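Each number in the working numbering comes from the position in the sequence shown (counting from 1) with 3 added on. All C-beta atoms, glycine included, are put in the ideal place defined by N, C-alpha and C. Values in this document were obtained by computation on a predicted structure and should not be read as measured data.
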Amino acid sequence: MLGKDYLLKGVDRDLQKEFKAACAYLEMSMKSVLVKHMESIVAGYRKERAMFDKPKIYKLRKGNK
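If you want it as structure tokens, here you go:
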């Protein structure tokens, strides 16, 4: 069982230790690194999805410009 120092269950202990050491070396919190990566993944997903979604065409109502 992983101790409470470990962030992700089911991820290799050595990988987590090295991640923790790398974050400390770079003076970044593990949380900030994960959040930045999540933001990057979501931005890429949104960009790719926008390319494939059909644009919605709205009819102009009488009186609207």
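Separation of the CB atoms of V38 and C26 is rounded to 12 Å, and the pair is thereby denied contact status at 8 Å. Taking a C-beta distance under 9 Å as the contact criterion, L29 and Q19 do not qualify as a contact pair. Per DSSP, G13 lies in no alpha helix (DSSP H) and is assigned neither H nor E.
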